[in-house]
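**Student:** This is the structure I have questions about; it appears just below.
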């Protein structure tokens, strides 16, 4: 039997997706089902004075904050209890949910008008002057002040990134079904079934076994369906409980764009000391993230952002101070990369400016400073043999023919630039220890079943985990299936986030398979099940003994393993419209082991395109705290014509912490494109430090530099 | 109202201004065509009307009277485009896939790379960066 790991086996969900048979949440109907709708605030901050229903309430189910028993239930359970499911009086952001309506006739539901009068307060809209700090993080290594004072050269700079909307092509949606036993089942498009489970238990005051969350086929997530589904699931459940009937809530695109989470905007300041020959001697980094109105996941986003803020470089003296602050805008949340794209954007554009300041080749500057095995990061983590920064850099420079093009493009409207980056796999620090993820593997007469809460959201989870289980158990790939994530059936293997599914969940799964093999000896698992009945093996995350992390001091091994990447972007500037057209991105990623090369390339290509969009196209226009361009007509993600050609090279430098040597891959691709694109623009002599680099901004920069 | 749906005669009673997308999904139980934006930008609802790709979220039902409508379900499951999308990573989350395949179908046999790129410019995919989609269409 040939192994399946490393081969492009047929993806488990391939046929249903290409035939239209795959069932997404909006494809499901239940008998007696109502449609639900959310009435939202139209001011960024203030108080509700009055609510008036301008329609005949007959046939409508109406839910307001007062319908939620007990004030403590009216919070979305996550990190802090600050975000209400429904605003009772105080409004803290535009599009904040105030009341819920359900009706069986969708047209009547959409026509219903609710008039709300407010008393307005002055909103906080500028993160830099926010008085409320949700979370502050400090990372210290060495003595920055002394080293900076002794540095031969000091380079400073401020870099800004904007909101980014996920634009999964399937908007958020759920169906809540009240059960006869008083319980609630929610079917939905989501990444983290147990996050929703936890939120619904708290909201509805129900025990574990009365709440059931089932992930339906999910049309993209990118982090946008990490924490937000708890809100929409809660809303649908409140309506369903009151109506005693199933309630479907599907956001239209505008509601999804205006009301749900986005990537945190950032302002990042660097002050860097160097020797004249380009060695980093002191790095002082200040990170500011705009968290929006409620805490949601901002502390964790900030954490990953800060840990990656000094880039994949060695430096003995580093100080990173990060703050996530409140503004009266819809809460920002998880988005692929989770803070690291923002901080590495700043780092890599700053490195380019350092190279310019020193009159140095940007590749050489990175070569001198790139982390090597044995070096330590800002948190003091010692790099192992799988540290591949230099390899990725060299491969990208060669593959893209960087030096030839750099010379050839000089003086033209074309530019070429690069970015070097890394990305930690799995939860930060002790996160995986706290999660205590569980994975089960079951041998049955009809085959082997993988039981995990990890969601297939397009990245190929079902396929990749089946490959790991098949090879670790020594059975054909075709014999293994992943069960649909359903909290009534699968254990809590943690959220589908943080580039953790392959390395962390896959690692626990590998141990399950090995234990099963030990128990059944040489038998075929199906044959074993026929003779002895089904065999279920469950394992829990086991922290590697040599990984240590100090949460209070932010010292130690931030992640068990890192992927390494280098992007080279080539762009062309239209001198009339100031539009920057990305022509080509050469992408080198070192990811330990590609379990399924086609799936891995898909993650890298898709993440790179999303990163190019963030850099050039995707501009969230905020007016008075509200997204003013909540349509795909004027918030534009890259089409085929806006997406550069992508040339992907996968390198494999295995880690001992992942199954078959695999590290995480989902997020890293979005760390590099934006700085590579901006550095390519800088090659044209244009001093861009903020994204998105839309034509209007490019024109300002071009005029200023004239 | 009569029209041809996936090669068979169909008769559906629905308001003439109802969106073709809703008629297909709700009256005909063909849920393969997806709604991504409802404003004709994303192409997830692409179907063929008399051989031409249209975004069915912008087409009133009245407009397909006596016309020939083909949806993803009309391809069966053995079409070379379907196989190539499945094998080569052209489908990830799958929500844009039915519309993308219908748009690719309208390109005709052996399209050039530029024809593929231009022909699919009205279909958004957030997962693939389009490279795997190009490979799939070129392979098919």
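Residue numbers (the numbering used here), protein chains in the order written: chain A, 105 to 810; chain B, 51 to 190. For every residue, glycine included, the Cβ atom is placed at its ideal position computed from N, Cα and C.
(1) Between the Cα of residue 487/A and those of 477/A, 239/A, 359/A, spot the shortest distance and give me the residue it belongs to.
(2) Contact criterion: CB-CB distance below 8 Å. Does residue 321/A meet it with respect to chain B?
(3) Which residues, taken in chain order from the segment 722 to 736 of chain A, show a beta carbon closer than 8 Å to some beta carbon of chain E?
(4) From residue 739/A to residue 722/A, what does the alpha carbon distance come to, in whole angstroms?
(5) From the DSSP output, which residues share a beta bridge with residue 204/A?
(6) What did DSSP end up calling residue 192/A once you bin it into helix, strand or coil?
(7) What number of angstroms, rounded off, separates the C-alpha of residue 753/A from the C-alpha of residue 528/A?
(8) What residue ranges within the segment 619 to 678 of chain A form continuous beta strand (DSSP E) runs of no fewer than 3 residues, ordered along the chain?
(9) Would you list, in chain order, the members of the segment 269 to 284 of chain A that have their beta-carbon closer than 7 Å to a beta-carbon of chain B?
(10) Whose C-beta lies closer than 8 Å to the C-beta of residue 123/B among residues of the same chain, with five residues either side of it excluded?
(11) Tell me the DSSP secondary structure of residue 404/A in three-state form.
(12) Does residue 188/B get closer than 8 Å to chain A when you measure Cβ to Cβ?
(13) Measure from the C-beta of residue 181/B to each C-beta in chain A and report whether the shortest distance is under 8 Å.
(14) Would you please verify whether the beta carbon of residue 57/B is less than 8 Å from any beta carbon of chain A?
(15) Please report the Cβ distance between residue 431/A and residue 396/A, rounded to the nearest whole angstrom; I am assuming they are in contact, meaning their Cβ atoms lie under 8 Å.
(16) Near residue 412/A, which residues of its chain fall below 6 Å by C-beta distance, leaving aside the five closest residues on each side in sequence?
(17) Is the Cβ-Cβ distance between residue 597/A and residue 543/A less than 8 Å?
(18) So which residues of chain A does residue 138/B contact, with C-beta pairs closer than 8 Å?
(19) Taking DSSP as the reference, what is the three-state secondary structure of residue 411/A?
(20) Measuring straight from C-alpha to C-alpha, what distance separates residue 794/A and residue 455/A?
(21) Mind checking if residue 352/A is an interface residue toward chain B, Cβ cutoff 8 Å exclusive?
(22) Just to check my reading of the structure: residue 767/A and residue 695/A have Cβ atoms closer than 8 Å, yes? What is that Cβ distance to the nearest angstrom?
(23) Assign residue 163/B to buried or exposed, taking buried as 16 or more other Cβ atoms, counted over all protein chains shown, within 10 Å of its Cβ.
(24) So, using beta-carbon positions, are residue 770/A and residue 714/A closer together than 8 Å?
(25) Could you check whether residue 453/A and residue 501/A sit closer than 8 Å to each other, using their CB atoms as the reference points?
(26) Are the segment 263 to 274 of chain A and the segment 300 to 317 of chain A touching, with three or more C-beta to C-beta distances below 8 Å?
(27) If we count Cβ pairs, one from each stretch, closer than 8 Å, do we get three or more for the segment 419 to 430 of chain A versus the segment 239 to 248 of chain A?
(28) May I have the straight-line CA-CA distance separating residue 60/B from residue 54/B, to the nearest angstrom?
(29) Going by beta carbon distance, what residues of the same chain come within less than 7 Å of residue 177/A, once the five residues before and after it are set aside?
(30) When you check each C-beta in the segment 154 to 170 of chain B against every C-beta of chain A, which residues fall closer than 9 Å?
(31) Please give me, in chain order, every unbroken run of the beta strand (DSSP E) with length at least 3 that falls completely inside the segment 485 to 537 of chain A.
(32) Mind listing the chain A neighbours of residue 148/B? Cutoff is C-beta to C-beta under 7 Å, in chain order.
(33) Just how far apart, CA to CA, sit residue 64/B and residue 76/B?
(34) For chain B, is any of its Cβ atoms less than 8 Å away from the one on residue 709/A?
(35) Please tell me whether residue 74/B has its Cβ less than 8 Å away from any Cβ of chain A.
(36) If contacts are defined as beta-carbon pairs under 8 Å, then residue 281/A and residue 134/A qualify, I think. What distance do you get, rounded to the angstrom?
**Tutor:** Reading from the atomic positions:
(1) 477/A
(2) yes
(3) Although the question refers to chain E, the structure presented lacks it and instead comprises the protein chains A and B.
(4) Inter-residue distance for residue 739/A and residue 722/A is about 6 Å (C-alpha atoms, whole angstroms).
(5) 142/A, 167/A
(6) coil
(7) 19 Å
(8) 639 to 644, 665 to 677
(9) 271, 272, 273, 274
(10) 56, 80, 82
(11) helix
(12) No, residue 188/B does not count as interfacial toward chain A.
(13) By this cut-off, residue 181/B is an interface position.
(14) no
(15) 6 Å
(16) 444, 447, 448
(17) yes
(18) 702
(19) helix
(20) 15 Å
(21) No, no contact with chain B.
(22) Separation of the CB atoms of residue 767/A and residue 695/A is rounded to 5 Å, and the pair is thereby assigned contact status at 8 Å.
(23) Under a 10 Å Cβ-count criterion, residue 163/B is classified as exposed, with fewer than 16 other Cβ atoms of the shown protein chains found around its own Cβ.
(24) no
(25) no
(26) no
(27) yes
(28) 5 Å
(29) 306, 307, 309
(30) 166, 167, 168, 169, 170
(31) 518 to 529
(32) 124
(33) 10 Å
(34) So yes, residue 709/A belongs to the interface.
(35) no
(36) In this structure, residue 281/A and residue 134/A form a Cβ contact; the two beta carbons are roughly 6 Å apart against a cut-off of 8 Å.
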